[in-house]
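Inspection log for the structure reproduced underneath, given as structure tokens.
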Amino acid sequence: MCLPLFHYHDIPIRPMQTKRRVYIETYGCQMNEADTEIVVSILQSTGYVRTDKLSTADVLLVNTCAVRENAEQRVIGRLGDFNHQKKINPNVIVGVLGCMAKHIRNDIMVMGDFIDLIVGPDEYRKLPALIESALEGEKGIAVKLSRVENYDGITPFRTDGLSAWISIMRGCDKFCSFCVVPFTRGRERSRTLSNIIKEVEYLSSRGFKEITLLGQNVNSYNDNKCDFADLLLMVSGINEKMRIRFMTSHPQDMSEKLIEAIASRENICNYIHLPVQSGSDRILNLMNRNYSADHYRNLVKRIKKAIPTVSLSTDIITGFPTETEEDHVKTLDLLKEIRFDGAFTFKYSPRENTKAWNMNDDVQEEEKVRRLCEIIDLQRSISLIQNKAIVGQTVEVLIEGPSKKSGADYCGRTDTNKMVIFPKNGDLIGEYKNIHIERVNSATLFGANTLKILEQAHVNIPQEG
Ligand code: SAM
Ligand code: SF4
């Protein structure tokens, strides 16, 4: 299949008689979720409505992730279903968006004729014109990366709710040797402080209770000499009842000023996702992470000193090229020492274009899996110990909604990002409640509503006289 490049600005966007329905599925991280909200906003402004029914859609889009091979395989599998739908309704437009679009556009082209559009993460403004053109029978590719596009003026489409993502920057300049992001999402660029503040004010006025500031490395946010600490302080001052979260923080760029900013405000959550990737300096060096395990240890010490109740999570990659048992044991030792509250663990997946792509992927699959399991088991036992320390304490929870497992319970999160399940007791979604923690497992805290406890206590207190 050959997709000719065309000039999107030559194609007029005609007013639609009836609104076209767009179905969009999102794969990958929160940044992709936030991108989908931008895509929907762009399409809505030109007359589209979002549908969650694939079978009734006029346009089928998949927003993709290329960070690991298994994410790509899942998307490719799903595109088979889109192909099936196109056979039922040949007029439907099928588009592939996001990181995979840029990364493996040749492979996507080979997949077949049913794909009409391939649109990279910096070209979403062209989508309405590209769809228009596809309806005329002209397929299109737009996968150029930009040094300036940050969709700063576009208000993402969000349904009302409690939590919202806000992308504060795009791309990444770190070039970790395993990572495809700088190639799929381009160079780092920050949004303007003033527009981010406007967006937070707007979300606050709509009743959102929690926002998460997103970027591949939020610590390097920079708008006209305003850094991430400045941004956090300004954003957290907008509504002191609104929780402010952020991710991801790179250990190389975590300044004292930033740690102080987090410590100084009640509503900046005491939760930091701080990927370490490995406990071995040799591997960290090969990964081009630009810090040592000792730098990381000291950083954690400083964070814990400034924010004693902080909860930390991390990312670990097992089986990076040349990783030995000795390197792996160093990672296990670091986990035991730092005692993270949680960890996201991945098997190394070679990605084309990256520096590590040219290294020999020499750790056998079975060995990668063994090391991964060992890390997961260790982290689970550490998370359980961390959570057990909370039993008997009362924690403040933002109530998110009914628990997935039981209609009689609510679920919510602490500011340290721990999930809490507790009995419904006339509470309302979106409220903050103090919950007494009675038991835990490695992933969840289980509580009773303190009100109930007080009532029971009252019943049990012998009356005077
Ligand atoms: N920007 C964040 C940082 O550097 O900390 C991480 C963003 S990346 C999308 C999320 C995680 O995916 C990384 O921290 C890393 O652990 C993992 N990852 C990235 N590339 C990978 C690869 N080629 N194989 C396995 N895991 C990978
Ligand atoms: Fe990828 Fe490293 Fe950038 Fe994170 S910091 S997105 S791992 S290149």
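In the numbering used here, each residue's number is its place in the sequence shown (first place is 1) plus 1.
Idealized CB from N, CA, C, for every residue including glycine.
For T193, the CB stays at least 7 Å from every heavy atom of the ligand SAM.
Here the distance from the Cβ of F176 to the nearest heavy atom of the ligand SF4 is below 7 Å. The alpha helix (DSSP H) runs of length 4 or more contained entirely in the stretch 241-271 are, from start to end of the chain, 257-265. Taking 8 Å as the cut-off, the beta carbon of T395 is found closer than this to the beta carbon of N435. Per DSSP, S56 lies in no alpha helix (DSSP H) and is assigned neither H nor E.
The stretch 328-338 makes contact with the stretch 277-292; the number of CB pairs closer than 8 Å reaches 3 or more.
Closest in C-alpha terms to A294, from the list V68, R126, T332, Y125, comes T332.
The DSSP assignment places 94-99, 118-120, 141-143 as complete runs of the beta strand (DSSP E) inside the stretch 90-147, in order along the chain (cut-off: 3 residues). Taken through DSSP and simplified to helix, strand or coil, A449 comes out as strand. By the Cβ test, the stretch 46-54 is not in contact with the stretch 72-91, since fewer than three Cβ pairs between them sit closer than 8 Å.
K425 carries a coil assignment under DSSP once its states are collapsed to helix, strand and coil. In the assembly as shown, C177 is a buried residue. Its beta-carbon has 16 or more other beta-carbons within 10 Å. Secondary structure of S206 (DSSP, three-state): helix. Note: I167 is bridge-paired with L214 in the DSSP secondary-structure output. When beta bridges are read from the DSSP output, A344 appears opposite T315. Apart from sequence neighbours up to five positions away, the residues of its chain that approach D254 with a beta-carbon distance below 7 Å are N218, N220, S221, ordered along the chain.
Contiguous beta strand (DSSP E) elements confined to the stretch 383-425 occur at 395-403, 410-414, 420-424, taking only those with 3 or more residues.
Closest in C-alpha terms to I263, from the list D224, T310, Y292, Q365, comes T310. Counting along the chain, V40 sits inside no beta strand (DSSP E); it lies in the alpha helix (DSSP H) bounded by residues 31-45. At a cut-off of 7 Å, the beta-carbon of H274 does not count as near the ligand SF4: no heavy atom of the ligand is closer than that. When the Cα atoms are used, L232 and A165 turn out to be separated by approximately 17 Å.
Relative to the ligand SF4, the nearest heavy atom lies less than 7 Å away from the CB of P183. Here D363 has P322, T323 as same chain residues with Cβ atoms under 7 Å from its own Cβ, once five neighbours each way along the sequence are excluded. The C-beta of N71 has fewer than 16 other C-beta atoms within 10 Å across all chains shown, which makes the residue exposed.
In terms of Cα proximity to D161, the closest of C374, R352, R148, I212 is I212. In the DSSP assignment, V23 falls within the unbroken beta strand (DSSP E) covering 21-27. When C-beta atoms of the stretch 138-150 are compared with those of the stretch 48-68, fewer than three pairs fall below 8 Å, so the two segments do not count as touching. Between the ligand SAM and the CB of I376, the shortest heavy atom gap is not smaller than 7 Å.
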